[in-house]
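Going down the list, the protein sequences come from chains A and B. The first sequence begins at 1 in this note's numbering and counts up one residue at a time. The second sequence begins at 1001 in this note's numbering and counts up one residue at a time.
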Amino acid sequence: MFFRMVYESFRRQKRRKLLAGVAVTLGVAVATAMIGVATDIGDKISRELRSYGANLVVTPQEDTVDVEIGGVNLKPPSDGAFLNEADLPKIKEIFWRNNIVGFAPMLPVNVKVGGPSDTKVVTLLGTYFSKRLKSGTQEFVTGVRITNPWWKVQGSWPDDNSNEVLLGERLAAKLHRRPGDRIDVNGRELRIAGILSTGSNEDEGIVAPLAVAQQIVGKPGAVRRIYVSALTKPEDAFARRDPKSLSPADLERWSCSPYAQSIAYQLQGAIPHSRAEQIRQVAQNEGTVLSRIKGLMLLLTVAALFASALAVSAAMATAIFERRHEVGLMKALGADNATVASLFFAEATLLAILGGLIGFAGGALLARKIGLAVFASEITIQPVLLPVILAIAVAVTFAGSAAAILRAVRFDPVFALRGEA
Amino acid sequence: MSVQGLPPIRTEANALNTNGAQQRSGSPHQSMLLRMLFRSAVRRRGRVVTALSAMVVAAAVTTAVLNLYADVQAKLGTEFRSYGANIIVVAKEGMPLPADALQVVESALEGRGIAVPFAYVVARTSDGHSVVVAGTDFDRIRRLDRWWKVSAWPATSGEVLVGRRAAAVVNPQSGHFELSFQGHAIKLTSAGFLETGAGEDSRIYMPLGDFVKWTGVQPSTIEVAATGSTKEISAVLRKLEDALPTADVRPVRQIVEGEANVLNKTRATLLAASVLIILTAALCVLATLTGWVFDRRRDFAIMKALGASQRLINGFFATQAAAIGVAGALLGFAVGIGVASWIGRVNFHAPVTPRFVVLPLVLAGSVVVALLAAVLPIGLLRRVQPANILRGE
């Protein structure tokens, strides 16, 4: 009998039920989409923050002090220690390899450019532009085009295996060179593929494939430093602990959190004779910006949940209020309050589950669309969320209906039947 | 009446009977309409309060979200300034910066940012190593480069900050060391060590006054952190270019572009979230108000039975809905401003400035949604015979 009443109620009151169902569906969809966006925003923004450039730097362990003002190195380039280019793929073999967005080796060399009449000493920076590397079976592409996205090139980017270079825009203006021209560097003729604009010291120099810089300095395989761009977790008190002072269990927990420090520690272990540290300007500030944005999205999610809960309760209250007469009739026929209430709650649950399922699917779609539109990458909703969302939907629908059900149950059947309620 | 606040038919019908429109000869429709509006609001407090609270909540959420959306750029802009300088002023080759360059920069900033002067030389240590020494203003640099990890800041003249790598060259273990520049030697005390992970680690920083006295070299670089939107920053940039024709003024692209990128993405996400929330709030109002109007179909039927024109009935319901919309929007606006400034304090540790530009938007939106909510059910009811409604069918 009970099931038949629920069934009949849905069959007869199609329009009313549809309205309430639509409210539940939309509410759940908005809630799902917002939860999806809020849980994923940290990851997405932290990827966007990588456009600030590398947050870790690897240098030779016995590296000496740089004597450099305004990007001009005043020290002979052959001085000091080097890292080995052959060790670079090991960066992609550390535990946190999937958090490494990219890296770029650097080898600055002082060179003479121009003809015999007006020679100038400038810095030539050897690096990867977008080099294809192999570590184990995995192939990946890395270089300054990934780590330094603010570098702009007029003309084309040189190939990593060519003798082509990029000329800084200030230097190009001084030497009156354009893409396609040739330039004499330490007696060797190099083709200018493009003019580089970075807004910093590289504008005064030349950027060349790493191999070209190595040939000039006469040290094959040499790299002065490596800039690594990694996705990290904002630093907290635990992150600042010295790994050497940690107990084995703590060390494991420390290494298993992608702090800038723990990634640096692993890089140092992966590359022989190296020292890795965070570039504090980038690494330290990432945390604050990230936590502000995450906090904002969290608060907005709460607002969205609140608004959808209200919309659902409003729709449910209206739907139940409509049915005072039915309540009067049921009670006149001998139904007690509990029976009436359980009938309404059963209907509410059914609506909540149906609306919740459709809303969840719709919300997942919505979150995906937002992800694609804003970040050009998908936001996936964890299926684990489904039961949570359904539970919330049922709870909200119950809460929204409770007041209305209570009121409906309290009706004097006489008034209800007379049509005066 | 046992039912709270819901004794509709009799009261409203009585009101109509005793104070019929005929007795008011002046402007019967208007005064009657006002009276009906007022009495229906008072008599049916329960339903009106429900509808009004839905309206208030929706308007409050909308106000808060719109306020935050408008303010997030300024708030995040402040956060981004912890990334340090976004404009660099450098002396052109062979030309020093004008002596009043720092004052010029300060006046161009109008208090919306920090400028820090830097002067550099290469000095020699007692055992012949070269090291870069920079003269600067420590008070300013502490505000500009907040990421600097410093064991102890120099407090008095003669004290310096030694970069982590530079420490290997000068051996300040005892705390004292000697440097010479063009034959002038100076005794320095290391106050603390500096760690940044970048070029600063290889330098020694000393107070600008001491530096100029020792070397005679004036600042060649001014690092500027200008706060504000992208537009405001480029305005500062142009001002500086005009004011300092002998210097190179350039934006730090790494910082400026990174910031623009993150800000745009954040704003876009926020916009999507705001649209979703506002739509949900509107839906909530629509559901409540529709229910409220639908619930009053008896009033509707009685008015119709007594000969009220469709226009009058429409006007009656529309006015009521609009009144709820306006009242809800005003109350909600006040609440929303409060919520926005609370979020500002909790999340950004700075209050969000109320934007009164939002008010007309919220007001118009509320009235439109309220009217929509009133008109929809009337359209449905119009087709029904009043007799049927009154009979309770």
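Yeah, the Cβ is synthetic: ideal placement off N, Cα and C, and Gly gets one too.
Helix, strand or coil at residue i according to DSSP, with G and I counted as helix
i	result
B:Lys1092	coil
B:His1184	strand
A:Tyr265	helix
A:Phe82	coil
B:Ala1021	Because B:Ala1021 sits at a pLDDT of 41, beneath the cut-off of 50, its placement in the model cannot be relied upon, and the point is left open.
A:Gly221	coil
B:Arg1203	strand
A:Gln61	coil
A:Ser229	strand
A:Pro209	strand
A:Tyr259	strand
A:Asp236	coil
A:Leu343	helix
A:His325	helix
B:Gly1228	coil
B:Ala1321	helix
A:Asp203	helix
B:Leu1097	coil
A:Gln382	coil
A:Ile94	coil
A:Ser291	helix
B:Val1150	strand
B:Ser1309	coil
Other residues of its chain near residue i: CB distance less than 7 Å, five sequence neighbours each side excluded
i	result
B:Ala1260	Thr1230
A:Gly42	Leu290 and Lys294
B:Val1358	Thr1063, Leu1066 and Asn1067
B:Ala1054	Cys1284, Val1285 and Thr1288
A:Tyr259	Thr232, Lys233, Glu235 and Ala239
B:Leu1279	none
A:Ile263	Leu56, Trp96, Asn99, Ala230 and Thr232
A:Arg110	Position check: residue 110 of chain A holds Asn in this sequence, whereas Arg was assumed. So the qualifying residues of the chain are Asn73, Pro77, Val121 and Thr123.
B:Gly1077	Thr1227, Gly1228 and Ser1229
Proximity of residue i and residue j at Cβ, strictly below 9 Å
i	j	result
A:Arg177	A:Ile192	yes
A:Gly155	A:Gly194	yes
B:Trp1147	A:Gln284	yes
A:Val37	B:Ala1281	no
B:Leu1179	B:Val1116	no
A:Thr232	A:Asn99	yes
B:Val1326	B:Val1224	no
B:Pro1207	B:Ser1157	yes
A:Val30	B:Ala1268	no
B:Gly1163	B:Ser1202	yes
A:Arg275	B:Ala1198	no
A:Ala304	A:Val396	no
For residue i, the first and last residue of its enclosing alpha helix (DSSP H)
i	result
A:Met34	Lys14 to Leu49
B:Val1275	Arg1253 to Asp1295
B:Gly1163	Where B:Gly1163 is concerned, there is no enclosing alpha helix (DSSP H), although the beta strand (DSSP E) it sits in stretches over Glu1159 to Gly1163.
B:Val1169	Ala1166 to Val1170
B:Ala1387	Pro1386 to Leu1390
Opposing strand residues paired with residue i [DSSP bridges]
i	result
B:Asp1248	B:Val1090
B:Tyr954	No answer is possible for residue 954 of chain B: it lies beyond the span of chain B, which begins at 1001 and ends at 1393.
A:Val111	A:Val122
A:Gly194	A:Gly155 and A:Leu166
B:Thr1125	B:Leu1179
A:Pro105	A:Ile226
A:Thr318	Beta-bridge pairing links A:Thr318 to no other residue.
Start and end residues, beta strand (DSSP E) containing residue i
i	result
A:Met1	Here A:Met1 belongs to no beta strand (DSSP E), and DSSP marks it neither H nor E.
B:Ser1366	Taken as a continuous stretch (DSSP letters only), B:Ser1366 belongs to no beta strand (DSSP E), being part of the alpha helix (DSSP H) at Val1358 to Arg1382.
A:Ala403	That residue, A:Ala403, is in no beta strand (DSSP E); its alpha helix (DSSP H) goes Leu385 to Arg410.
A:Arg178	A:Arg178 -> no beta strand (DSSP E), and no H or E assigned at all.
Same chain only: Cβ atoms within 8 Å of residue i, ignoring 5 sequence neighbours per side
i	result
A:Ala317	Gly400, Ser401, Ala403 and Ala404
A:Tyr128	Ala104, Pro105, Thr142, Gly143, Val144, Asp160, Pro209 and Leu210
B:Thr1050	Thr1288 and Trp1292
A:Val223	Phe82, Leu83, Asn84, Glu85, Leu88, Pro105, Met106, Leu107 and Leu210
B:Gly1000	Because chain B in this structure spans residues 1001 to 1393, residue 1000 of chain B falls outside the shown range and cannot be described.
A:Pro179	Gln154, Gly155, Ser156, Ile192, Ala193, Gly194 and Ile195
B:Ala1013	Because B:Ala1013 carries a pLDDT of 41, less than 50, the predicted location of this residue cannot be relied on, and the following value inherits that uncertainty. These residues qualify, in order along the chain: Ile1302.
Beta-carbon proximity list for residue i, same chain, < 6 Å, skipping 5 on both sides
i	result
B:Gly1026	Reliability fails at B:Gly1026, whose pLDDT of 47 lies under 50, so the model's placement of it is uncertain and the value that follows must be treated cautiously. Contacts found: none.
B:Val1133	Val1121, Ala1123 and Ile1204
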